[in-house]
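Engineer:
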Amino acid sequence: MGLAAGYKAWLITVGNEVLIGRIVNTNMAWLGRKLTLLGYKVVRGLIVPDDLEEISWAFREALKSGVKVVVSTGGLGPTFDDKTAEGLALALDSKTVLNREALKMIEKKYKDKGLELTKHRIKMAIIPKDAKPIKNPVGTAPGIYVKIGDTHIFALPGVPSEMKAMFEESVEPFLKKIGPKIVFVEKFLKVKGLPESEVAPVIDEAMKLGNIYVKSHPKGAELGLPILDLHITASGEDLKRAEDEVNKALDYLREKLAAKGGEIIEHKKH
2 MGLAAGYKAW LITVGNEVLI GRIVNTNMAW LGRKLTLLGY KVVRGLIVPD DLEEISWAFR
62 EALKSGVKVV VSTGGLGPTF DDKTAEGLAL ALDSKTVLNR EALKMIEKKY KDKGLELTKH
122 RIKMAIIPKD AKPIKNPVGT APGIYVKIGD THIFALPGVP SEMKAMFEES VEPFLKKIGP
182 KIVFVEKFLK VKGLPESEVA PVIDEAMKLG NIYVKSHPKG AELGLPILDL HITASGEDLK
242 RAEDEVNKAL DYLREKLAAK GGEIIEHKKH
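Quick note: to get our numbering, add 1 to the position in the sequence shown (first position is 1).
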């Protein structure tokens, strides 16, 4: 039995803009890599329009398949065509309700900006009954979490920066707890003198070297004195293989970034 047996996942993207080719579906690629590193096997990725029946159908199909995890992105905003919460409720044969915890999250966001709660903004706090809101540390729309049987469903915003922050802060730690027991190897690299925009292509190439993930954390100013903390991770059943993949990526990053004039000022686990 393989590592991901019993730990299958579906990804659902909601949005007309993806289907018509106006934007590239980077969310699905990012989530697919993340889930794979966590030991889950992504067995299906669906893209559906901003249509209530289509959204509901996607969630129903995911639930019928009996997968462990479903992650959707998109359709949680304040506009009329943001229908993910309603579509999820329909798939659950439930209804949407005003969630007080979600409303408090939204209220604080707008209050901090000196803005009033409008009908459209309150809409983002209306989620399926018995679901829980997921904190959005970057934007305003909370995510949604609900468990049906053995399936855990997470609905996240479509804005990549919001989706990634919410996944790493709230979803990823949870998935580690309920996921397969795997080894996890991580190393760190600190680079001084190169802006993140120049480092990004090198990171992209490094991630092609194996089943690894590289996250950059800017510490300085992009155009002033840039400092980047790079976090390189790999996971799997085999500790030696995971270590080899991380070290290979680490060596590549050090070589390429030094060649670009970057100063490696720290290289240690912390």
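We put the beta carbon where it would ideally sit given N, CA and C, even for glycine. Every value quoted in this text rests on a predicted model; they were computed, and no experiment measured them.
Give me whichever residues DSSP pairs with L190 in a beta bridge.
Structural biologist: As a first step, residue 190 is located in the sequence shown; it is residue number 189 there, counting from the start. According to DSSP, L190 bridges with L231.
Engineer: Can you check DSSP and say which residues form a bridge with Y111?
Structural biologist: As a first step, residue 111 is located in the sequence shown; it is residue number 110 there, counting from the start. According to DSSP, Y111 bridges with nothing at all.
Engineer: Checking contacts by CB at 7 Å: is G159 closer than that to chain C?
Structural biologist: The chain labelled as chain C is not found in the depicted structure, where only one protein chain is given.
Engineer: By the three-class DSSP mapping on this structure, what secondary structure does S171 have?
Structural biologist: Position 170 of the sequence shown, counting from 1, holds the residue named residue 171. In this structure, S171 counts as helix in the three-state DSSP scheme.
Engineer: Kindly list the residues whose CB is nearer than 8 Å to the CB of L195, restricted to its own chain and excluding five residues on each side of it in sequence; keep chain order.
Structural biologist: The count along the sequence shown starts at 1 and reaches residue 195 at position 194. Cβ within range, chain order: P227, L229, L258, K261, G262, G263.
Engineer: What first and last residue would you give for the alpha helix (DSSP H) that runs through A142?
Structural biologist: Along the sequence shown, read from residue 1 onward, the residue named residue 142 stands at position 141. Segment: none, A142 is in no alpha helix (DSSP H) and carries neither H nor E.
Engineer: What does the alpha-carbon distance come out to for the pair D245 and L231?
Structural biologist: Stepping through the sequence shown from its first residue, residue 245 is reached at position 244. Stepping through the sequence shown from its first residue, residue 231 is reached at position 230. Roughly 17 Å separates the two Cα atoms.
Engineer: Output the residue ranges of the alpha helix (DSSP H) runs that lie fully inside the stretch 58-112 and measure 4 residues or longer, sorted by chain position.
Structural biologist: With a minimum length of 4 residues, the continuous alpha helix (DSSP H) runs that stay inside the stretch 58-112 are 85-92.
Engineer: Whose C-alpha, out of A63, A103, D94, is nearest the C-alpha of L77?
Structural biologist: Against the sequence shown, residue 77 aligns to sequence position 76. That would be A103, whose Cα lies nearest to the Cα of L77.
Engineer: Among the residues of its own chain, which have a CB less than 8 Å from the CB of M167, if the five just before and after it don't count?
Structural biologist: Indexing the sequence shown from 1 puts residue 167 at position 166. Once the five neighbours on either side are set aside, the close Cβ partners of M167 are I135, K136, N137, P138, V139, G144, L157, P158.
Engineer: Would P129 be called buried (16 or more neighbouring beta carbons within 10 Å of its own) or exposed?
Structural biologist: Numbered from 1 along the sequence shown, position 128 holds the residue referred to as residue 129. That one is buried.
Engineer: I'd like to know whether the C-beta atoms of S236 and I183 end up nearer to each other than 7 Å.
Structural biologist: As a position in the sequence shown, residue 236 is number 235, starting the count at 1. As a position in the sequence shown, residue 183 is number 182, starting the count at 1. Yes, these two residues count as a Cβ contact at 7 Å.
Engineer: Helix, strand or coil, according to DSSP, for R45 in the structure here?
Structural biologist: In the sequence shown, counting from the first residue as 1, residue 45 sits at position 44. DSSP places R45 in strand when its eight states are reduced to three.
Engineer: Helix or strand or just coil, what does DSSP make of V184?
Structural biologist: Numbered from 1 along the sequence shown, position 183 holds the residue referred to as residue 184. Here V184 sits in strand by DSSP.
Engineer: Could you check which residue in Y8, D52, L53 has the C-alpha nearest to that of R45?
Structural biologist: Here residue 45 is taken as the residue at index 44 of the sequence shown, counted from 1. That would be Y8, whose Cα lies nearest to the Cα of R45.
Engineer: Can you tell me which of G88, N212, K84, K42 puts its alpha carbon nearest to the alpha carbon of W58?
Structural biologist: For this step, residue 58 is matched to residue 57 along the sequence shown. Comparing Cα-Cα distances from W58 to each of G88, N212, K84, K42, the minimum goes to G88.
Engineer: For E117, does the three-state DSSP call read helix, strand or coil?
Structural biologist: Position 116 of the sequence shown, counted from the start, is the residue given in the question as residue 117. Three-state result, E117: coil.
Engineer: Which first and last residues belong to the alpha helix (DSSP H) in which V203 is found?
Structural biologist: Along the sequence shown, one-based indexing puts residue 203 at 202. Taken as a continuous stretch (DSSP letters only), the alpha helix (DSSP H) holding V203 covers 197-207.
Engineer: Do you know whose CA, among A92, T85, T152, R255, lies nearest R61's CA?
Structural biologist: Within the sequence shown, the letter at position 60 stands for residue 61. Looking at the Cα atoms, A92 is the closest of the given residues.
Engineer: Decide yes or no for the touch test of the stretch 30-45 against the stretch 116-125: beta carbon pairs closer than 8 Å, at least 3 of them.
Structural biologist: Too few Cβ pairs lie closer than 8 Å, so no.
Engineer: Closest to L64 by C-alpha separation, out of M29, D151, P161, would be which residue?
Structural biologist: Here residue 64 refers to the residue found at position 63 of the sequence shown. Here the closest residue by C-alpha is D151.
Engineer: In this structure, does DSSP put E18 in helix, strand or coil?
Structural biologist: Reading the sequence shown from its first residue, position 17 is the one you call residue 18. Note: E18 maps to helix in three-state DSSP.
Engineer: Starting from L251, trace the alpha helix (DSSP H) in both directions and tell me its first and last residue.
Structural biologist: Residue numbering aside, residue 251 sits at position 250 when the sequence shown is read from its first letter. Start and end: 240-260.
Engineer: Per DSSP, W11 forms a beta bridge with which residues?
Structural biologist: On the sequence shown, position 10 is the one that residue 11 refers to. R45, V71, per the DSSP bridge assignment.
Engineer: Count the other C-beta atoms from every protein chain shown that fall within 10 angstroms of the C-beta of L240, then say buried if there are 16 or more, exposed otherwise.
Structural biologist: The count along the sequence shown starts at 1 and reaches residue 240 at position 239. Flag for L240 reads exposed.
Engineer: What is the DSSP secondary structure of K35, counted as helix, strand or coil?
Structural biologist: Here residue 35 refers to the residue found at position 34 of the sequence shown. Three-state result, K35: helix.
Engineer: Would you tell me roughly how many angstroms separate the C-alpha atoms of G75 and N248, rounded to the nearest one?
Structural biologist: Along the sequence shown, one-based indexing puts residue 75 at 74. Along the sequence shown, one-based indexing puts residue 248 at 247. Taking the straight line from one Cα to the other gives about 36 Å.
Engineer: From the DSSP secondary-structure annotation, give me the bridge partner or partners of P129.
Structural biologist: Your numbering for residue 129 matches position 128 in the sequence shown. BP columns for P129 point to T97.
Engineer: Quick one: what does DSSP say P158 is sitting in, helix, strand or coil?
Structural biologist: Taking the first residue of the sequence shown as position 1, residue 158 is located at position 157. Note: P158 maps to coil in three-state DSSP.
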